[in-house]
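*Asks:*
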DNA sequence: ACAATTTAATTCATATGTGTAATTTCTTGG
DNA sequence: CCAAGAAATTACACATATGAATTAAATTGT
């Protein structure tokens, strides 16, 4: 057999392609609750780690510090979160959900729950475990 | 069992998180051949569909028409591709790899091949089939 | 204590993606 | 042929991501 493991070829290209389409679909769904995907992801993460620092949020949403600075600034302007200086470390700042941010997060969670169901409904539990494992490992290949 | 299919929860969030990290890693690898991920994806696609129209390229890289206009403009400026008017349809334009673009594409393919190998080495063929199926289906949930 | 290093956040220039509107060019029904 | 609609591309405003450089604050080695 001359062609080995053909389905494994161009894995990143296929992954990136899928992300482009999925991200657009998710964006359309999230537009119904008037929020952009990046801000929605930040809201979801903050629900589990409210009051974390900007750096942690950056890693939590798969982004970097520079991107999160702008993201949090826009979200602050929209009244979804607010920064607070750390007493323990003069360099760091923590990010906190406002009441409005909490409310928006619930709408986001509802929207994403439906979206996730559509995404996973054609797969068995075992298959989803494999997919989840792949995504998790990919996130930690070189977190730095 | 109160908690059903826990690993399936927050699927899109996990996917987006993984893409963020992977994309950064790929960007670092591709920086060695001095090209950005989006342009690299376009080069890869054009290798298989040289001379296609902008619209087809947009779908091929999981993006949209407006994004591709700017992308092709930057790539044209970099000497990697060039636009050509269609004789058959005055509205459309086709995109063609230059010799420089072809050369760059080979470097990109080498870089991505190594990257893909790292990504897939912890999975069996059967698991990769599942992952590939998930990514492919995700791309076609609602292409438009 | 102090200089060198490290770390957190920011700023900047640039690249990229998205929706909406405008432009130009087909295509089609009357 | 002409008006209406559809299609391909572009223009525009804005949100987002990245690397590099900057600033301020903490840490470390001596």
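Residue numbers (this note's numbering), protein chains in the order written: chain A, 3 to 146; chain B, 3 to 146. All C-beta atoms in this analysis are idealised placements derived from N, C-alpha and C, irrespective of residue type, glycine included. The structure displayed is predicted, hence computed values, not measured ones.
Using a C-beta cutoff of 9 Å, does residue 133/B count as contacting chain A?
*Replies:* For the purposes of this step, residue 133/B is identified with residue 131 of the second chain, where counting begins at 1. Yes, residue 133/B lies at the interface with chain A (some Cβ there is under 9 Å from its Cβ).
*Asks:* With a threshold of 16 other CB atoms inside 10 Å of the CB of residue 81/A, please say whether the residue is buried or exposed.
*Replies:* For the purposes of this step, residue 81/A is identified with residue 79 of the first chain, where counting begins at 1. Exposed is the call here.
*Asks:* When the cut-off is 9 Å and only beta carbons count, does residue 120/B lie next to chain A?
*Replies:* For the purposes of this step, residue 120/B is taken as the residue at position 118 of the second chain. It does; some Cβ of chain A falls within 9 Å.
*Asks:* If you follow the alpha helix (DSSP H) that residue 122/B is part of, which residue opens it and which one closes it?
*Replies:* Start at 1 with the first residue of the second chain, and residue 122/B comes out as number 120. Segment 101 to 122, the alpha helix (DSSP H) holding residue 122/B.
*Asks:* Between the beta-carbon of residue 97/A and the beta-carbon of residue 107/A, is there less than 9 Å?
*Replies:* Locating residue 97/A in the first chain gives position 95, where the first residue counts as 1. Locating residue 107/A in the first chain gives position 105, where the first residue counts as 1. In this structure, residue 107/A does not lie closer than 9 Å to residue 97/A by Cβ.
*Asks:* Assuming residue 19/A and residue 141/B are in contact, meaning their beta carbons sit under 8 Å apart, how far apart are those beta carbons, in whole angstroms?
*Replies:* Along the first chain, one-based indexing puts residue 19/A at 17. Along the second chain, one-based indexing puts residue 141/B at 139. Confirmed, Cβ separation roughly 6 Å.
*Asks:* If contacts are defined as beta-carbon pairs under 8 Å, then residue 95/A and residue 41/A qualify, I think. What distance do you get, rounded to the angstrom?
*Replies:* For the purposes of this step, residue 95/A is taken as residue 93 along the first chain, with counting starting at 1. For the purposes of this step, residue 41/A is taken as residue 39 along the first chain, with counting starting at 1. 18 Å between Cβ atoms; not a contact.
*Asks:* Is residue 52/B close to chain A, meaning its C-beta is less than 9 Å from at least one C-beta of that chain?
*Replies:* Translated into positions along the second chain, residue 52/B becomes position 50. With 9 Å as the cut-off, residue 52/B does not count as an interface residue toward chain A.
*Asks:* Beta-carbon within less than 8 Å of residue 88/B's beta-carbon, same chain only, minus the 5 sequence neighbours each way: which residues are those?
*Replies:* For the purposes of this step, residue 88/B is identified with residue 86 of the second chain, where counting begins at 1. Excluding positions up to five away in sequence, the list reads 55, 94, 95, 96.
*Asks:* For residue 124/B, is the beta carbon positioned less than 8 Å from some heavy atom of the ligand FMN?
*Replies:* As far as ligands go, the structure on display features none, and thus does not contain the ligand FMN.
*Asks:* Cutting at 7 Å between CB atoms, please list the residues of its own chain near residue 25/A, excluding the five before and the five after it.
*Replies:* Against the first chain, residue 25/A aligns to sequence position 23. Here the set comprises 39.
*Asks:* Going by C-alpha to C-alpha distance, which of 124/B, 49/B, 77/B, 32/B sits closest to residue 138/A?
*Replies:* As a working mapping, residue 138/A is identified with position 136 in the first chain. The shortest Cα separation from residue 138/A among 124/B, 49/B, 77/B, 32/B belongs to 124/B.
*Asks:* Assuming residue 27/A is part of the alpha helix (DSSP H), what are its boundary residues?
*Replies:* On the first chain, position 25 is the one that residue 27/A refers to. In this chain, the alpha helix (DSSP H) harbouring residue 27/A covers 13 to 33.
*Asks:* Would you say residue 68/A faces chain B, with C-beta separation under 9 Å as the test?
*Replies:* Your numbering for residue 68/A matches position 66 in the first chain. No, no contact with chain B.
*Asks:* Residue 43/A versus chain B: which residues are under 7 Å apart at the beta carbon?
*Replies:* Here residue 43/A refers to the residue found at position 41 of the first chain. The contacting residues are 15, 18.
*Asks:* What are the residues that DSSP puts in a beta bridge with residue 86/B?
*Replies:* On the second chain, position 84 is the one that residue 86/B refers to. Answer is 96/B, bridged to residue 86/B.
*Asks:* Quick one: list the residues of chain B neighbouring residue 74/A, beta-carbon separation under 7 Å, in chain order.
*Replies:* Translated into positions along the first chain, residue 74/A becomes position 72. In chain order: nothing, as chain B lies at least about 16 Å away.
*Asks:* From residue 48/B to residue 59/B, what does the alpha carbon distance come to, in whole angstroms?
*Replies:* For the purposes of this step, residue 48/B is identified with residue 46 of the second chain, where counting begins at 1. For the purposes of this step, residue 59/B is identified with residue 57 of the second chain, where counting begins at 1. Those two C-alpha atoms are separated by around 8 Å.
*Asks:* Count the other CB atoms within 10 Å of the CB of residue 64/B; is the residue buried (16 or more) or exposed (fewer)?
*Replies:* The sequence position of residue 64/B within the second chain is 62, counting from 1. Around the beta carbon of residue 64/B, 16 or more other beta carbons lie within 10 angstroms, which makes this residue buried.
*Asks:* Since residue 110/B contacts residue 32/B with CB under 8 Å, what's their CB separation in whole angstroms?
*Replies:* Walking along the second chain from the start, residue 110/B turns up at place 108. Walking along the second chain from the start, residue 32/B turns up at place 30. Confirmed, Cβ separation roughly 7 Å.
*Asks:* Sort 62/B, 30/B, 76/B by Cα distance to residue 16/A and report the nearest one.
*Replies:* Position 14 of the first chain holds residue 16/A. With distances taken between Cα atoms, residue 16/A lies closest to 62/B.
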